[in-house]
Structures are given as C-alpha cells and as structure tokens.
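Undergrad: If you scroll down you'll find the structure; I have some questions about it.
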Amino acid sequence: MSKLDLSKKYKEFFTAKKAPVLIDVPPTSYIMIDGRGEPGGEEYVAKVGALYNMAYKVKFQAKEMEKDFVVCKLQGLWWFDDYNKPTPPREEWNWTMMLRQPEYVTEEMVAKALEMAYSKKPVEELKEVKLVEYHEGLSAQIMHYGPYSEEEPTIERLHNFVAEQGFNLRGKHHEVYLKDPFRSAPEKLLTIIRHPVE
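Heads up: the sequence shown is residues 1 to 198, going by the numbering used here.
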C-alpha cells in the first residue's frame, strides 16, 4: 500500500525561501483545535496532544480503507483581540493549531476518530477537534530560520513586501512548522510565515 505524503504532493505549500513571495492557496481540509494562551503552555500542550491523537485515529481508518497517509506538519493560526494595542502578553494570544488532511477524510471519519480516542482515554479536549475547509487564497510567505522568539524581523520583512506589492494584510498570521522543536535545536528550526493579502 502506498503512503500519501501531503507535504511532498503539495510541496509548494511546505517550502519557502528567505525572499518573500506571493502564492495562491486553494481551499484545504484540516483538523483544527482552538485555544488561547502561552505557546507551549498547559492548554497548548493538552490541545495539540488531542489534535495528534485524533489525526492518528483518522489515519488508522484510512489504512483500513487502504489509503494510508503520513500525518502532516503542524500548522498554526495566531491572532490578537485588539490590533490597535501593542502586542499583548503571550497568555492573551489566540491560536488555532491544525493538521492538513487528505481530500477523502470526512466528518464521519473524524466523528469515529473521536469515539475511538475518547473510549480509550476520555480527554475533553478531543471533543474540540473539528474538520474544517480553510481557504486562504492569495497570500505572502517567507521562511524563518531559527527560534520562534526571533521571528519579528522576518515578519517585518514579509509585511514590508506586502506593502511594496500594493497589498494589505487580511485574515490571520499563519505558521507552518517544518521541524519538531523537541527534536531540533532552536537555531535549526524552520518555520514558514504566511499571511493572506488583498
């Protein structure tokens, strides 16, 4: 049985360069979970754990259908309640963590994944995972090399590029995590920074 790797099939959405570019991102299916607070904090860890638990239960069902796939790279949307104020403390950050899904994954499969996961370990966060079609459309993106805490200059370069191209930012700041922070040194991390534009 061949194993679908979405990051290879849709390579253009999982690669970026130091120089910002414009890309068009079509409607894409993700399983998602929403949260608020410190990246890496207690709520974040619990919810990302629930997200991966559900992803592997969906993958199990796919294998039964002889449609195996690689669980995709973690991605995150980030935003604040009020952009007119300075950047708030990290405990006030809003986020959606998400994992891209193959086109054949259905709400029924996600519902069954919940049954399977919850019956094994009744973690309430599992109930918050949902299947969503997310459409970013025209976006600007750039690669950030190094720690997440040092993203600001990269983000500024991306925003300046957007303005130079005559566009405005819209929607939510998007990050694609290409390396596992638990297995990679901070200076070795690779993160695609993406933002929808209009």
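We put the CB at the ideal spot given by N, CA and C, even for glycine.
Values in this document were obtained by computation on a predicted structure and should not be read as measured data.
Give me the Cα-Cα distance between F161 and Y52, rounded to the nearest whole angstrom.
TA: Answer to the nearest angstrom: the Cα atoms are 34 Å apart.
Undergrad: Taking DSSP as the reference, what is the three-state secondary structure of S7?
TA: In the structure shown, S7 sits in a helix (DSSP, three-state: H, G or I).
Undergrad: Between E108, H135, W78 and Y30, which has its C-alpha nearest L6's C-alpha?
TA: The shortest C-alpha separation from L6 is found at Y30.
Undergrad: Based on the DSSP output, what are the partners of Y177 in its beta bridges?
TA: Y177 pairs with T191.
Undergrad: For V45, name the three-state secondary structure that DSSP assigns.
TA: It is helical.
Undergrad: What first and last residue would you give for the alpha helix (DSSP H) that runs through N160?
TA: Per DSSP, N160 belongs to the alpha helix (DSSP H) from E152 to E164.
Undergrad: Quick check: the Cα distance between H135 and P196, rounded to an integer number of angstroms?
TA: Distance between the alpha carbons of H135 and P196: 10 Å.
Undergrad: Pull up the CB-CB distance for L77 and W95, whole angstroms please, since I reckon it's below 8 Å.
TA: The Cβ separation is near 6 Å, so the contact holds.
Undergrad: For N53, which three-state DSSP category applies?
TA: N53: helix per DSSP, three-state reduction.
Undergrad: When you compare the CB positions of T191 and V176, do they come within less than 8 Å of one another, or not?
TA: In this structure, V176 lies closer than 8 Å to T191 by Cβ.
Undergrad: Does the pairing of the stretch 61 to 70 with the stretch 14 to 31 give three or more beta-carbon distances under 8 Å?
TA: No, the stretch 61 to 70 does not touch the stretch 14 to 31.
Undergrad: Below 8 Å on the Cβ atoms is my guess for T28 versus E133; work out the distance and round it to an integer in Å.
TA: Right, the Cβ-Cβ distance comes to about 7 Å (below 8 Å), so this counts as a contact.
Undergrad: Rounded to whole angstroms, what is the Cα-Cα separation between D24 and V45?
TA: Between D24 and V45, the C-alpha separation is close to 31 Å.
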